[in-house]
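What follows is a set of notes on a single structure, which appears directly below.
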Amino acid sequence: MSSMSHPDASPEVLLMIFSHFNSDTLRTTVAPVCRAWYLAIRHRIIRDVAWDDARKDKELNKVLAGIPGAGRLLWHAHGTNGDLAMEQWRKLQSALSRDYNRRQRGQDNPMRRLMPDSPLLQLELSGSIDIANCLPRIRKYLGSLTSLKLFLSHDCTFDIEPLFRDCLGLEVVHLESTGFLETIGEWVSTAQQAIDGAHPPTQLQLQTLVLWNASVHQADFERFLTMTPRLRRLKCTSMQRRRSESLYWDGGIAYDQAHFYQHVVALPYRLESFHLSFEDGLSASSGFSNSLRVCPVSSEWAVDALDLPLSLMMVLRDQPNHVTTLELVSYSHSERSTQSVLHRYLCQAPHLLHLRAPNIILPVAELDIHGFLTPPSMEPTMTPTPGTDAVPSLSGAAAVWACRRLRSLQVAFGWGSRESSSVFVQSRVIFGYISRICSELKELAIYRPESSEDDVDEARSSWLDLKGGFCLLSRLEHLERLQIRSGLKEIGCERIDLDWMVRSGFVGVRRYARALEISNWYDELLEERELMDVDELTVGGRKNREDILELRYLGRLKDVATRLEELDAVDVVGAEGRRCWPLLSRLSIDCGSEFGRQPERELQRILG
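So the sequence shown is numbered by the UniProt record's numbering: it starts at 1 and just counts up by one.
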């Protein structure tokens with residue numbers, strides 16, 4: 001072994017190499033090698049501390065004990081017990097205060113300077129949190145923050161000025177509410193603006209700003225943007241025209257959209273991604289074209305779902321297809337035309353790395369290349385406007401996604417037939433398609449539309465059964481985060497359906513139980529084999545042997561049986577069992593918290 005690859009190699013050389021790795025790679029790959037490597041990079045490892053108040057209150061002290069040295073704090077409140085939530089917040093305040101004082105004392109300690117712990121860099125708050133009352137209690141201890149994300153589930157007001165006064169190092173700010181979020185006060189204080197010219201104005205470090213369902217004072221907000229020279233991503237989604245009636249009411253906010261676009265274009269820096277839309281959707285028809293005017297060569301797009309067919313027609317005609325990030329903004333479940341256009345676009349988006357479309361409900365039949373389910377409409381969804389140049393046609397309905405290098409995917413799938421046999425086919429199509437076509441995924445979130453109908457709920461609960469093919473996602477070896485959302489209050493699964501996710505599920509008795517279950521599928525597997533005729537399959541109007549061979553078992557029970565046999569093979573199951581997702585740390589299956597748990601803990605929660 002050369003000295004360069006040995007753990008005792010020159011520290012200077014190692015540190016130079018490690019400087020090219022992100023925090024996740026350092027944590028999962030570098031730190032486990034040896035103690036010397038861990039000590040060399042521990043200040044760059046962002047360790048999570050997460051709390052979900054659905055957990056038992058007695059566990060909170062153990063969680064808070066992990067705050068010293070933690071780089072990311074995640075906090076979720078369901079709002080079912082307001083008094084308990086406030087008491088838990090006071091405990092958080094005390095823990096942050098103790099850590100803050102410890103750091104202040106440690107500045108004079110030479111050993112602390114040589115081996116510093118990571119300060120709190122990222123804070124994410126979600127759920128029902130009285131942000132106007134809670135955040136000021138801890139803001140004093142957040143001076144090291146580089147990222148603040150709020151995902152709130154109620155109407156609220158937020159005083160923005162103290163945030164940028166006390167947290168000058170903020171690089172990412174994401175303020176989102178499912179209700180109405182009103183920003184009050186000045187975005188930047190008069191002192192920071194230094195309008196008298198005696199001192200240069202404060203230059204903020206902000207790089208990403210996302211507002212969702214928020215209202216702002218436009219003139220003040222525009223002044224704020226002149227003080228963010230490093231800003232690269234600005235997304236103002238579903239901006240509110242009203243104000244909080246509890247404070248004042250003046251008939252609403254009259255935004256001057258034209259002036260705002262002109263102001264953004266005139267800024268002395270160039271944005272890489274930009275989006276502006278309003279709650280009433282009145283600007284949808286022109287929003288995307290204006291975004292292109294602001295960011296003409298952007299590879300990151302946020303598109304209003306109502307504007308999607310026209311937008312993609314414009315793109316295919318006038319723009320190079322180099323989009324790497326696509327976010328579809330929708331305020332309700334999408335129409336069929338939008339669904340079909342999205343599927344066909346994905347069939348021609350080889351450079352796409354990130355797709356966020358949780359409200360765009362794709363029919364499972366769009367992925368069903370074998371025609372087990374109701375075939376999607378073959379009618380074209382995009383036609384050229386009379387008198388204009390022809391628009392490049394999108395692929396046929398049975399085409400396969402070209403975005404095989406996707407790293408993150410958030411999408412919803414519509415349910416078709418409610419018969420149990422069809423439910424299994426549909427879930428096998430979803431899980432099998434994603435696991436084969438998007439094999440490089442790191443983050444995956446699959447949503448199902450909520451419904452109050454009992455038969456639909458029963459159908460949706462069965463898609464996690466062993467027959468439903470959930471185990472097909474185990475092919476995603478790079479997966480770090482997985483969310484499954486079907487809106488069910490209870491998950492009707494047994495241990496055999498899910499224990500393949502954890503090491504304990506590969507002891508002899510559990511593997512035997514799965515083998516016995518597969519043997520009970522013999523008649524169905526035999527029937528499938530007689531019906532299969534791969535040579536006759538046509539994909540996208542042409543023979544595509546590579547796609548055919550890769551997806552030849554899509555939707556079939558054979559796909560599940562083969563994958564389970566691969567997982568349980570003796571030569572791949574070690575003495576300690578195996579881990580299907582070696583990098584997965586955040587798994588959430590129909591759980592209110594967005595943070596997720598380790599697979600072992602999530603399985604324990606589901607099975608009770």
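By construction, the Cβ of each residue, glycine as well, lies at the ideal position given by its N, Cα and C atoms.
Looking only at its own chain, which residues have a Cβ that is under 6 Å from the Cβ of F372, when we skip the five neighbours before and after it?
When the five nearest sequence neighbours on each side are left out, the beta carbons in the same chain lying within less than 6 Å of the beta carbon of F372 are those of V425 and G555, in order along the chain.
N- and C-terminal bounds of the alpha helix (DSSP H) containing Q257:
First-last of the alpha helix (DSSP H) with Q257: Q257 to A266.
By DSSP, does L14 sit in helix, in strand, or in coil?
L14 falls in the helix class under three-state DSSP.
So is R601 buried or exposed if we call it buried at 16+ other beta carbons inside 10 Å?
Label assigned to R601: exposed.
Helix, strand or coil for residue 647 per DSSP?
This structure does not reach residue 647, given that the chain is present from 1 up to 608, and the question cannot be answered.
Are the C-beta atoms of R232 and some chain D residue less than 7 Å apart?
Here there is only one protein chain, and chain D is not present.
Roughly how far, in whole angstroms, is the beta-carbon of E480 from the beta-carbon of K442, given that I think they are within contact range, below 8 Å?
Confirmed, about 5 Å.
On the DSSP letters alone, give me the boundaries of the beta strand (DSSP E) that Q483 sits inside.
Where Q483 is concerned, the enclosing beta strand (DSSP E) starts and stops at R481 to R485.
Could you compute how far the alpha carbon of residue 609 sits from the alpha carbon of R552?
Residue 609 is absent from the model: the chain starts at 1 and stops at 608.
Distance, R436 Cα to P375 Cα:
Because P375 carries a pLDDT of 48, less than 50, the predicted location of this residue cannot be relied on, and no value is offered for it.
Let's test the definition: count the other Cβ atoms within 10 Å of the Cβ of M239 and tell me whether it reaches 16, buried, or not, exposed.
Buried is the call here.
Bounding residues of the alpha helix (DSSP H) (the contiguous stretch that carries P162):
That run of the alpha helix (DSSP H) goes E161 to D166.
Going by Cα to Cα distance, which pick from L583, V294, L607 and E327 is closest to D24?
Per the Cα distances, L583.
C-alpha gap between V63 and D368, whole angstroms:
Looking at the backbone, the Cα of V63 and that of D368 are separated by about 45 Å.
Would you mind sorting M16 into buried or exposed? The rule is 16 or more other CB atoms within 10 Å of its CB.
Burial call: exposed.
Option in G492, S585 and V423 with minimal Cα separation from V502:
Nearest C-alpha to V502: S585.
Which full runs of the beta strand (DSSP E) of 3+ residues lie inside the segment 123-193, going along the chain?
147-152, 156-159 and 172-184, all fully within the segment 123-193.
Is it the case that the Cβ atoms of T183 and A214 are separated by a distance below 7 Å?
It is a contact, given that the beta carbons lie within the stated cut-off.
Can you give the Cα-Cα distance for L163 and L346, rounded to whole angstroms?
Between L163 and L346, the C-alpha separation is close to 39 Å.
Run of the beta strand (DSSP E) containing E327, from where it starts to where it stops:
Taken as a continuous stretch (DSSP letters only), the beta strand (DSSP E) holding E327 covers T325 to V329.
In chain order, what residues of the same chain lie with their CB nearer than 6 Å to the CB of D535, ignoring the 5 residues before and after it?
With a pLDDT of 44 at D535, under the threshold of 50, the modelled position of that residue is not reliable, and the figure given next carries that caveat. Excluding residues within five positions, none has a Cβ falling inside 6 Å.
Round the Cβ separation of R510 and D523 to the nearest angstrom and send it over; I've been treating them as touching at under 8 Å.
About 24 Å; that fails the 8 Å criterion.
Taking only three categories from DSSP, how would you classify E272?
Here E272 sits in coil by DSSP.
Leaving aside the five residues before and after H263 along the sequence, list all residues of the same chain whose C-beta is less than 8 Å from its C-beta, in chain order.
Sequence-distant Cβ neighbours of H263 in its own chain, meaning closer than 8 Å and more than five residues away, are E222 and L225.
Element boundaries [alpha helix (DSSP H), containing G508]:
In the DSSP annotation of this structure, the continuous segment of the alpha helix (DSSP H) that includes G508 starts and ends at G508 to S519.
What is the DSSP secondary structure of S588, reduced to helix, strand or coil?
It is a strand residue.
Helix, strand or coil: which one does DSSP assign to E600?
Looking at E600 - three-state DSSP - the assignment turns out to be helix.
Along the chain, where does the beta strand (DSSP E) containing Q410 start, and where does it finish?
S408 to G414 is the span of the beta strand (DSSP E), which, as asked, contains Q410.
Let me know the secondary structure DSSP gives D196 once reduced to three states.
Because the pLDDT at D196 is just 47, under 50, the model does not fix this residue reliably, and the point stays unresolved.
Can you check DSSP and say which residues form a bridge with W51?
The partner list for W51 (beta bridge, DSSP) reads W75.
Alpha carbons only, please: which of W51, L267, E279 and V507 is nearest the one belonging to T237?
With distances taken between CA atoms, T237 lies nearest to E279 out of W51, L267, E279 and V507.
Can you tell which of D220, L328, Q122 and L209 has the C-alpha that lies nearest to the C-alpha of S189?
Here the closest residue by C-alpha is D220.
Short Cβ contact (7 Å threshold) for T325 with H343:
Not a contact, by the Cβ cut-off of 7 Å.
Classify P376 as helix, strand or coil using the three-state DSSP reduction.
Any reading at P376 needs caution, since the residue's pLDDT is 45, under 50, leaving its predicted position unreliable; the model's value is listed next. In the structure shown, P376 falls within a coil segment according to DSSP collapsed to helix, strand and coil.
L482 vs L567 beta-carbon contact at 7 Å
Taking 7 Å as the Cβ cut-off, L482 and L567 do not qualify as a contacting pair.
For Q410, count neighbouring Cβ atoms within 10 angstroms of its own Cβ and tell me buried if that reaches 16, exposed if not.
Buried, by the Cβ-count rule.
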